[in-house]
Amino acid sequence: MIRGERTIRHLLALPPGTKATAHGWIKTRRDSKGVHFIQINDGSSFPDLQIVLEAGKTVEETLAKATTGAAVRVSGEMVESPGKGQAVELRAETLEVIGASPPETYPLQKKRHNLETLREFGHFRPRSNTFGAVFRVRNALAYAIHKFFQERGFLYVHAPILTTSDAEGAGAMFQVTTLDVANPPRSPENGGRIDYTKDFFSKPAYLTVSGQLEAEIFALAFTNVYTFGPTFRAENSNTPRHLAEFWMIEPEMAFCDLEGNQQLAEEFLKYLISYVMEHCRPDLEFFNQRYEPSLLATLENVAGSEFARLPYTQAVEILEKSGRQWEFPVSWGSDLQSEHERYLTEEIFKRPVIVTDYPARIKAFYMRSNDDGKTVRAMDVLAPGIGEIIGGSQREERLDVLLEKLREHRLPEENYWWYLDLRRFGGVPHSGFGLGFERMMMYVTGMKNIRDVIPFPRTPGHAEF
RNA sequence: UCCUCAGUAGCUCAAUGGUAGAGCAUUCGGCUGUUAACCGAAGGGUUGUAGGUUCGAGUCCUACCUGAGGAGCCA
Numbered sequence: 248m249i250r251g252e253r254t255i256r257h258l259l260a261l262p263p264g265t266k267a268t269a270h271g272w273i274k275t276r277r278d279s280k281g282v283h284f285i286q287i288n289d290g291s292s293f294p295d296l297q298i299v300l301e302a303g304k305t306v307e308e309t310l311a312k313a314t315t316g317a318a319v320r321v322s323g324e325m326v327e328s329p330g331k332g333q334a335v336e337l338r339a340e341t342l343e344v345i346g347a348s349p350p351e352t353y354p355l356q357k358k359r360h361n362l363e364t365l366r367e368f369g370h371f372r373p374r375s376n377t378f379g380a381v382f383r384v385r386n387a388l389a390y391a392i393h394k395f396f397q398e399r400g401f402l403y404v405h406a407p408i409l410t411t412s413d414a415e416g417a418g419a420m421f422q423v424t425t426l427d428v429a430n431p432p433r434s435p436e437n438g439g440r441i442d443y444t445k446d447f448f449s450k451p452a453y454l455t456v457s458g459q460l461e462a463e464i465f466a467l468a469f470t471n472v473y474t475f476g477p478t479f480r481a482e483n484s485n486t487p488r489h490l491a492e493f494w495m496i497e498p499e500m501a502f503c504d505l506e507g508n509q510q511l512a513e514e515f516l517k518y519l520i521s522y523v524m525e526h527c528r529p530d531l532e533f534f535n536q537r538y539e540p541s542l543l544a545t546l547e548n549v550a551g552s553e554f555a556r557l558p559y560t561q562a563v564e565i566l567e568k569s570g571r572q573w574e575f576p577v578s579w580g581s582d583l584q585s586e587h588e589r590y591l592t593e594e595i596f597k598r599p600v601i602v603t604d605y606p607a608r609i610k611a612f613y614m615r616s617n618d619d620g621k622t623v624r625a626m627d628v629l630a631p632g633i634g635e636i637i638g639g640s641q642r643e644e645r646l647d648v649l650l651e652k653l654r655e656h657r658l659p660e661e662n663y664w665w666y667l668d669l670r671r672f673g674g675v676p677h678s679g680f681g682l683g684f685e686r687m688m689m690y691v692t693g694m695k696n697i698r699d700v701i702p703f704p705r706t707p708g709h710a711e712f
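In my numbering, the protein residues as written are 248 to 712.
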């Protein structure tokens, strides 16, 4: 095992004169008459380590195998680099090629590739500059999420991935079954329909589309909780913002109203941004230079400024008075379209915007009704360039109101018996929200396609690797 | 799922309906410690697939496949 003190990240910080052994994959190589320059990377840092190898130190056969993509072990001494581009370099005494990489057929070259091409080589793209940076940031962001909640005493709940509640209403679901799909058992007395009593769970089962309802159970026992896990949507969505499998963070807080919910959402996003800016600086500078020139300025701005907050009704007024020609007309009662969200965050406020108190008709049944009878205590956090990054609400804790809302949404009461029990026994006002992890990744990296911020993207027709 | 655009060498791209090219990569050779190194040479193509129009199609038409962007749905 290569311990932390032997990674390239560590070697680059060693004082000149230190003996060192480096392991990694060759990124690029330049040869001169008497000396070879080999850049290697092991994923631990954005900068490569430059190996300097004098001609004649290594047998010709080994040198011939030291090509782009090959895995090597190099021993020598860290020295100050006379060249520009790096402070230190490894003057090699020995070079071993541990895993060759035939250059005629290795798909990654020392040249720049576009993201679509790299996506086709999902097994090699983590070795590239861009994806090295992406996945180091992803790692840091995931850690920061746990750190944020743990520091505040939130309990980490593992919400189930398999669920038999098919009426969560959050979109199309992937069905999970052990029945023979080519020849499923059927019940003659039920019109020949598939007999799910023979299925693994004795009823239809699905992959989860949200851990929220389960998180509510835990919030009403542990007060402040959060989930962080995979989520699945079988929607046929083909956009740079959608995946069939993605990760979601869902905090849920008892004794908390929508104000507290908004406060937590804003504090949370700012914390994550600050953490990544502090711990992934070289990676973010790379994104800033290569992908999104305003990235660092935007992140600094967001971390240091108040989010805009306004009720839906006021948002609609701003949109109506904008004088714009909308593709989708704005009127009270209809949902905000992408173009409307973009106008608010990118042109009016130029920072994240929290829109609250949406019309009840366009929101889920569990959101708490306002006294006006028309709106609910919902909130969406909209981010420039991303759109909706957080969706949340104060939950309806009043049993009679919730029963009425289930009827209005034509949802069968019996499927929600335990959810209703939470209101019958020790119910309290509570609130929570969902943050799409990959949407947050897009925001902090400036990457424009969600398929490029998850290790192995699943989209309609694509589940390679 | 709908709309729009694109598909030419390993990669990034060029080519008025008239002989398919360049840079990088690769191989070989050269070169004062290079930084997307540099200089020279060579190999490398059923132009996404199947039809059609035409004397002649990478180019025009049709269908399909693949990718991207926009929309819807949402996180």
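Cβ atoms here follow ideal geometry from the backbone N, Cα and C, with glycine treated the same way.
Note that the structure is predicted; figures quoted are calculated from it, not measured.
Among residues of its own chain, excluding the 5 on either side of residue i, which ones have a beta-carbon nearer than 7 angstroms to its beta-carbon?
i    : result
S481 : This sequence places Ala at residue 481; Ser is not what is there. Closer than 7 angstroms at the Cβ level, and outside the excluded window around A481, lie A419, M420, F421, A491.
F712 : G369, H370, F703
L649 : E643, L667, R670
T692 : V381, V384, F534, V700
V563 : V577, W579
Round the Cβ separation of residue i and residue j to the nearest angstrom and send it over; I've been treating them as touching at under 8 angstroms.
i    : j    : result
Y590 : S569 : 7 angstroms
S328 : Q356 : About 25 angstroms separates the two Cβ atoms, so there is no contact after all.
R372 : L365 : 4 angstroms
L682 : I637 : 5 angstroms
P631 : T603 : Wrong, their Cβ atoms sit about 19 angstroms apart, outside the cutoff.
L388 : A452 : That belief does not hold up - the Cβ atoms of L388 and A452 are roughly 31 angstroms apart, past 8 angstroms.
Near residue i, what residues of its chain come up, given a Cβ to Cβ distance below 6 angstroms and the 5 sequence neighbours on each side ignored?
i    : result
K652 : F612
G719 : The structure shown has nothing for residue 719, since the chain only spans 248 to 712.
D582 : I609
F469 : L402
A339 : I298, L300, V321, G323
I565 : none
P431 : I441
My output table needs one value for residue i: the three-state DSSP class, helix, strand or coil.
i    : result
Y353 : coil
N485 : coil
R624 : strand
R528 : helix
F680 : strand
F368 : coil
H656 : coil
E644 : coil
P373 : helix
F448 : coil
G382 : According to the sequence provided, residue 382 is Phe. The question's Gly does not apply to it. F382: helix per DSSP, three-state reduction.
V335 : strand
Decide if residue i is buried, meaning its Cβ has at least 16 other Cβ atoms within 10 Å, or exposed.
i    : result
Y390 : exposed
F395 : buried
A311 : exposed
S552 : exposed
G264 : exposed
P435 : exposed
I345 : exposed
W665 : exposed
H677 : buried
S457 : buried
R615 : buried
H405 : exposed
D618 : exposed
E377 : The residue you asked about is not Glu; residue 377 is Thr in the sequence shown. T377 comes out buried.
Q510 : exposed
R624 : buried
Can you tell me where the beta strand (DSSP E) with residue i in it begins and where it stops?
i    : result
Y453 : 452-454
S640 : 634-641
A539 : First, the residue type needs correcting, since residue 539 is Glu and not Ala in the sequence shown. It is not in any beta strand (DSSP E) - E539 carries neither H nor E in the DSSP assignment.
H270 : 266-278
N471 : 471-479
L402 : 402-404
W494 : 492-501
Under 8 angstroms Cβ to Cβ from residue i, same chain only, skipping five residues before and after it: list those, please.
i    : result
A550 : K517, I520, S521, M524
Y403 : H393, F396, Q397, V472, Y473, T474, F475
R571 : Y590
Can you determine whether any heavy atom of the ligand MG sits closer than 6 angstroms to the C-beta of residue i, and answer yes or no?
i    : result
R372 : Although the ligand MG was asked about, the structure shown includes no ligands whatsoever.
How far does the alpha helix (DSSP H) with residue i in it extend, from its first residue to its last?
i    : result
A318 : Looking at the DSSP string, A318 is not in any alpha helix (DSSP H); the run it does join, the beta strand (DSSP E), is 318-327.
S291 : Counting along the chain, S291 falls outside any alpha helix (DSSP H), and DSSP gives it neither H nor E.
R589 : 585-589
E308 : 307-312
R567 : Reading off the sequence shown, one finds Glu at residue 567, where the question assumed Arg. From DSSP, the alpha helix (DSSP H) with E567 extends over 559-567.
I255 : 255-258
W573 : Element bounds for W573: n/a, residue is neither H nor E.
Y244 : The structure shown does not extend to residue 244, since the chain is modelled only from 248 through 712, so no value can be given for it.
Y666 : 664-671
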